[in-house]
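According to this note's numbering, the stretch in the sequence shown is residues 16 to 246, in order.
A virtual CB, placed ideally from N, CA and C, is assigned to each residue, including glycine.
These numbers were taken from a predicted model, which means no experiment stands behind them.
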Amino acid sequence: KGVPAFWEHVAEASRMVQDRQLAILGGRARVLCCGAGAISEEVARYFRACRLGSGEPVQFLELYGCTECGNLALNRQLLPHVKWRLLPLEGDGAETARVGEFVVKTGKMMFAGYHGRPALTAAAFTADGFYRTGDVVRVRTAADGATLVDVLGRAKSGLKLANGKWVHPETLEDLYRGAAGVRRLYVHGDAAHAHLVAVVEAEGAPSEERLLAEFGRLATAAGRPRHERIS
Numbered sequence: 016k017g018v019p020a021f022w023e024h025v026a027e028a029s030r031m032v033q034d035r036q037l038a039i040l041g042g043r044a045r046v047l048c049c050g051a052g053a054i055s056e057e058v059a060r061y062f063r064a065c066r067l068g069s070g071e072p073v074q075f076l077e078l079y080g081c082t083e084c085g086n087l088a089l090n091r092q093l094l095p096h097v098k099w100r101l102l103p104l105e106g107d108g109a110e111t112a113r114v115g116e117f118v119v120k121t122g123k124m125m126f127a128g129y130h131g132r133p134a135l136t137a138a139a140f141t142a143d144g145f146y147r148t149g150d151v152v153r154v155r156t157a158a159d160g161a162t163l164v165d166v167l168g169r170a171k172s173g174l175k176l177a178n179g180k181w182v183h184p185e186t187l188e189d190l191y192r193g194a195a196g197v198r199r200l201y202v203h204g205d206a207a208h209a210h211l212v213a214v215v216e217a218e219g220a221p222s223e224e225r226l227l228a229e230f231g232r233l234a235t236a237a238g239r240p241r242h243e244r245i246s
């Protein structure tokens, strides 16, 4: 079990030596779990394509939940006991109606409150009793009808561009770090501009055109809207 940054480093090292049997983890790791943050779909797909020496496929599980209300989703699919709503973000219109701050009820798995801290407890819930996770998510429907939730970032860490759109740099950094030729990356945006830029520590000597093309490919594959793309 590890956080997204750990699995990104393992995937990078595994690719370098073409280790699709994950000998880097001992060669017997049948189930890998990722929690405490969102991981790029590209990294998750890489691990799910790995096989042990016996031919057994590796299971890569994306876990999403919190101490206050338990498990919420597995591999981005919302669990059936979870009741949810999205609180609107300032500046969002109809085109982003499926993006907002995630608030939930999980029945008996919900906590009652923070001991001895009534003000903090009151701030943690909506007026009708939904717990504020503090996460900004995108909710979508899978081909089989399942409800999928993509964590975009924390509500307090978002920034607003000049066009009124909100973005969450840490999640975009997770996405664009998967680009070929990128070792490290920092995404920047501000209220004076309607677009994002990236500061990149390159691996090798990729051209700016090649990096932009790779960023575009990743954004398209992940279904990212125009304002979340690097230009």
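How is residue i classed by DSSP in three states: helix, strand or coil?
| i | result |
| --- | --- |
| G231 | helix |
| I54 | coil |
| V202 | strand |
| V46 | strand |
| P72 | strand |
| K171 | helix |
| T186 | helix |
| E110 | Low local confidence applies: a pLDDT of 42 at E110 is under 50, so the model's placement there is unreliable, and no value is given. |
| R66 | strand |
| R241 | helix |
| R147 | strand |
According to DSSP, what are the bridge partners of residue i?
| i | result |
| --- | --- |
| T156 | T162 |
| W181 | K175 |
| L93 | A88 |
| G80 | N86 |
Along the chain, where does the beta strand (DSSP E) containing residue i start, and where does it finish?
| i | result |
| --- | --- |
| E216 | 212–217 |
| F117 | 114–120 |
| A134 | A134 -> not in any beta strand (DSSP E); alpha helix (DSSP H) instead, spanning 133–139. |
| L87 | 85–89 |
| R30 | Looking at the DSSP string, R30 is not in any beta strand (DSSP E); the run it does join, the alpha helix (DSSP H), is 19–31. |
| L104 | It is not in any beta strand (DSSP E) - L104 carries neither H nor E in the DSSP assignment. |
Confirm, please, whether the CB-CB distance from residue j to residue i is below 8 Å.
| i | j | result |
| --- | --- | --- |
| Y191 | V182 | no |
| S29 | I39 | yes |
| A53 | E116 | no |
| V114 | R147 | no |
| V197 | V215 | yes |
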